[in-house]
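Trainee: Sequential numbering from 640 applies to the sequence shown in our numbering.
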Amino acid sequence: MVTRATRVTYELLKDKCRTNSTQYRMGEKPITALIGPVYSRTALVIGGFLEMLNVSGISGTTTSPELSSHTYAHLHRTVPQDTFLAKAMADIIDNFNWSYIAAIGVDDSSPSVFSSLHGSIAIQPHNFDDAGFKEYLKALLSNESNKQDRPEWWNEILALQNNCSASKDNTTEYEKSCSHNVVNDMYSPYVPYYIDAVYSVAHALDIFTRYANTTDSDCQQSFNMATYDMQKLLSRVNFTGLTGQILFDEFGDRRTAVYDIINFQQVQEADAKRLKLVIVGNWDVDERLQFYENMHWNNQTGSSLKSECLDQCSAGTRKSTTSPCCWQCVPCPRGTINPIPGSESCIECPRGKRSNEAQTECVDLPLANLKYSSAGGIVIIAFGTCGIIAALLSFAVICRFWNTPIVRASNRELSLVILVIITLLLSLPFINLFEPTDTICKIIYPWRYITCNLCLSFLLVKDLRISSAFQVPILPGLTICSAGTHRIQAGVIVIILQVLLLLLLLPWLILDPPSNMEHIYPERYKFNECKAYNMFCGKILFLSTCFLYFLTNVTLRILFFQD
640 MVTRATRVTY ELLKDKCRTN STQYRMGEKP ITALIGPVYS RTALVIGGFL
690 EMLNVSGISG TTTSPELSSH TYAHLHRTVP QDTFLAKAMA DIIDNFNWSY
740 IAAIGVDDSS PSVFSSLHGS IAIQPHNFDD AGFKEYLKAL LSNESNKQDR
790 PEWWNEILAL QNNCSASKDN TTEYEKSCSH NVVNDMYSPY VPYYIDAVYS
840 VAHALDIFTR YANTTDSDCQ QSFNMATYDM QKLLSRVNFT GLTGQILFDE
890 FGDRRTAVYD IINFQQVQEA DAKRLKLVIV GNWDVDERLQ FYENMHWNNQ
940 TGSSLKSECL DQCSAGTRKS TTSPCCWQCV PCPRGTINPI PGSESCIECP
990 RGKRSNEAQT ECVDLPLANL KYSSAGGIVI IAFGTCGIIA ALLSFAVICR
1040 FWNTPIVRAS NRELSLVILV IITLLLSLPF INLFEPTDTI CKIIYPWRYI
1090 TCNLCLSFLL VKDLRISSAF QVPILPGLTI CSAGTHRIQA GVIVIILQVL
1140 LLLLLLPWLI LDPPSNMEHI YPERYKFNEC KAYNMFCGKI LFLSTCFLYF
1190 LTNVTLRILF FQD
């Protein structure tokens, strides 16, 4: 088809190389404009001839955006180019929230796909119906006096239209009816665009006759028409035609576009079903997309169709694409999550977390430390509570029998102080059941050593009192006889031991305090512990504190066994 159209165009335009004065003397009229071509692929070839021979063409059906170029500046179009069509399609897709589109057929596909068109959407140029032009064609073709002027293919068209025949046996009325049916069937939404194409050339010629320098001589007027570029005349055309405002841009394209939105609806007629094309809306370059009729969809519910070829992968899985419309939903590996449905990747959980059962979010690893609600925690609370109760009962008994000989002989003041310190020691396990933090760690270590040191100090003082009562020397050659002197020495011993401890604890807490250390066992649990030190200086101070506690304990044991 392209080759034939190219050859016909060449035959029409080959004499363009002659001067128009020569053509006029030969009785030939020059071609100033070409109406056509019909197809875009043909226009891509013929556009080169038009550019080379400086002949302008104007088409009402070529919509390819490839023609929007200075290469085809001599080819004008009254039909909107497909760039507007793409915008209309994009607005429809956005209106229905579609995300996947696939082609089921092309213009030369088998008719077997037509059954699947029910409920589909199509877009066509707006049908600017010109009833006057159709009636004119019907009257022209029905007039008996015009039979000799009909094209040679007219009889073949009649034969294909509802078994009409151009034979002499047909009555005039029947042939007239057939002619009317042919006009109705051949009339398409593109006809008004060709009518506007003809009017565009007419307006260009009108501009020439009104503004170009012409003479009364027909020969001279024809010569001036050829030298005046029709392409420039068409670029000045501006009028309201059947299809709206006709105004061309620098590429010869329309600046406006109007499309009808068509819905294929299946209707029952007699014993057969057929597809009916129903206009349900339109698209305008200014007003964009508008629907004014209900859509019929090819499903049971009648609701808008989903554009997904498969259901999206749920959260907790990843999409493994095997083809543009096929994929597999693969569960995320252990320790990874995917909270977004349809995502193609899984995210690894950060340190100290693991994925939940659904693989949709990261959760904290369970803490393996003893808690108040755990079995071990309950046992510790039970024993600690029993110890505190026993200490409080002992405290109450001493207070109750405060002036009895046995209580007085047991150093009652020191016994009460030691019971208070024991109660403080028994509260330490309760603090350990809290989840370790840096603050708790800074409390536990000083609490432990201060209470233990106080307990040992007062036990040492109590032991010294017993020694003084029996006149047993504290050291070889040293015996405390005075009770007042004994109290002073006992106080000095307690203060000295506490000061020594504080001289070690304070630098330790300032320079390298105890801190929480987290041990993580991936995908299992985590365990927190209070680490005594992190640096070497902290280690030295920690060991010194332990050594002081050791000396106090050994001294007490020696004195105890001496007694």
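Beta carbons are placed, not taken as given, at the ideal position from N, Cα and C, and that holds for glycine.
Source: prediction; values computed, not measured.
If you follow the beta strand (DSSP E) that Leu706 is part of, which residue opens it and which one closes it?
Mentor: No beta strand (DSSP E) contains Leu706, which DSSP labels as neither H nor E.
Trainee: In whole angstroms, what is the alpha-carbon distance linking Ser707 and Pro676?
Mentor: Looking at the two C-alpha atoms, the distance is approximately 15 Å.
Trainee: Please confirm if the region 1017-1025 is in contact with the region 987-1005, defined as three or more CB-CB distances below 8 Å between the two stretches.
Mentor: Touching, no.
Trainee: Whole angstroms are fine: how far does the CA of Cys1025 sit from the CA of Leu1190?
Mentor: Distance between the alpha carbons of Leu1190 and Cys1025: 30 Å.
Trainee: Out of curiosity, what's the CA-to-CA distance linking Phe882 and Arg716?
Mentor: For clarity, residue 882 is Thr in the given sequence; the question names Phe instead. Each residue's Cα considered, the two are about 12 Å apart.
Trainee: Put Lys773 into one of helix, strand or coil per three-state DSSP.
Mentor: Lys773: helix per DSSP, three-state reduction.
Trainee: Taking Cβ positions, are Thr999 and Ala1035 nearer each other than 8 Å?
Mentor: The answer is no: Cβ separation not under 8 Å.
Trainee: Determine the direct distance from the alpha carbon of Cys1080 to that of Thr960, and round the result to whole angstroms.
Mentor: Between Thr960 and Cys1080, the C-alpha separation is close to 52 Å.
Trainee: Taking buried to mean at least 16 other C-beta atoms within 10 Å of its own C-beta, is Trp1041 buried or exposed?
Mentor: With fewer than 16 other Cβ atoms within 10 Å, it is exposed.
Trainee: Please tell me whether Ile760 and Ile900 are closer than 8 Å, where the distance is taken between their beta carbons.
Mentor: Contact: yes.
Trainee: Counting only the same chain and skipping the five closest in sequence on each side, list residues whose C-beta sits under 7 Å from that of Asn921.
Mentor: Closer than 7 Å at the Cβ level, and outside the excluded window around Asn921, lie His765, Val897, Tyr898, Asp899, Ile900, Gln929.
Trainee: To the nearest angstrom, report how far apart Ile1037 and Leu1055 are at their CA atoms.
Mentor: Their backbone Cα atoms lie some 8 Å apart in a straight line.
Trainee: Could you tell me which residues DSSP pairs with Ile697 in its beta bridges?
Mentor: Beta-bridge pairing links Ile697 to Ile674, His715.
Trainee: When you compare each of Thr701, Val969, Ala798, Phe1073 to Arg680 by their alpha carbons, which one comes out closest?
Mentor: The shortest Cα separation from Arg680 among Thr701, Val969, Ala798, Phe1073 belongs to Thr701.
Trainee: Nearest to Asp730 by CA position, among Cys988, Pro970, Asp925, is which residue?
Mentor: When only C-alpha atoms are compared, the closest one is Asp925.
Trainee: From what residue to what residue does the beta strand (DSSP E) around Asn1155 run?
Mentor: First-last of the beta strand (DSSP E) with Asn1155: 1154-1160.
Trainee: The alpha helix (DSSP H) with Thr1024 in it runs from where to where?
Mentor: Start and end: 1014-1039.
Trainee: Looking at the structure shown, is Phe878 part of a helix, part of a strand, or coil, going by DSSP?
Mentor: Note: Phe878 maps to strand in three-state DSSP.
Trainee: Can you pull the DSSP bridge partners for Cys1169?
Mentor: Answer is Asn1155, bridged to Cys1169.
Trainee: Give me the residue from Trp966, Asp1077, Phe1097 with the minimum Cα distance to Arg1051.
Mentor: Of the candidates Trp966, Asp1077, Phe1097, the one whose C-alpha sits nearest the C-alpha of Arg1051 is Phe1097.
Trainee: Relative to the C-alpha of Thr770, which residue among Glu791, Asn734, His819 is closest?
Mentor: A small correction: the amino acid at residue 770 is Ala; Thr does not occupy that position in the sequence shown. Out of Glu791, Asn734, His819, His819 has the C-alpha closest to the C-alpha of Ala770.
Trainee: Can you name the residues that DSSP bridges to Phe723?
Mentor: BP columns for Phe723 are empty, so no partner.
Trainee: If we call anything under 8 Å between Cβ atoms a contact, is Ile762 one with Ala727?
Mentor: Closer than 8 Å, so yes.
Trainee: Would you kindly work out how many angstroms separate the C-alpha atoms of Val906 and Val917, rounded to a whole number?
Mentor: Cα-Cα distance, rounded: 11 Å.
Trainee: Count the C-beta pairs between the region 872-890 and the region 820-836 that are closer than 8 Å, then say yes if the count reaches three, no if not.
Mentor: Counting Cβ pairs under 8 Å, three or more are found: they touch.
Trainee: Take Asn734 and list the residues in its own chain whose beta-carbon comes closer than 7 Å to its own, dropping the five residues that flank it on each side.
Mentor: Correct list, in chain order: Leu928.
Trainee: Assuming Asp1151 and Tyr1172 form a contact by the criterion Cβ under 8 Å, report the distance between their Cβ atoms to the nearest whole angstrom.
Mentor: Contact holds; Cβ gap of about 5 Å.
Trainee: Is the distance from the Cβ of Trp936 to the Cβ of Gly758 below 8 Å?
Mentor: Going by C-beta atoms, Trp936 is nearer than 8 Å to Gly758.
Trainee: Please list the terminal residues of the continuous alpha helix (DSSP H) segment that includes Pro1068.
Mentor: That run of the alpha helix (DSSP H) goes 1051-1071.
Trainee: Going by DSSP, what residue range makes up the alpha helix (DSSP H) through Lys871?
Mentor: 869-873 is the extent of the alpha helix (DSSP H) around Lys871.
Trainee: State buried or exposed for Lys1101, treating a residue as buried only when at least 16 other CB atoms are found within 10 Å of its CB.
Mentor: Buried is the call here.
Trainee: Just the Cα atoms here: how many angstroms apart are Tyr931 and Leu872?
Mentor: Their Cα atoms are separated by approximately 40 Å.
Trainee: To the nearest angstrom, how far is the alpha carbon of Cys985 from that of Val1002?
Mentor: Spanning the two alpha carbons is a distance of roughly 15 Å.
Trainee: Return the Cβ separation of Ser1183 and Leu1148 in integer angstroms, given the expectation that the two are a contact with Cβ distance under 8 Å.
Mentor: Actually they do not touch by this definition, with Cβ atoms about 13 Å apart.
Trainee: According to DSSP, is Ile1127 helix, strand or coil?
Mentor: In the structure shown, Ile1127 sits in a helix (DSSP, three-state: H, G or I).
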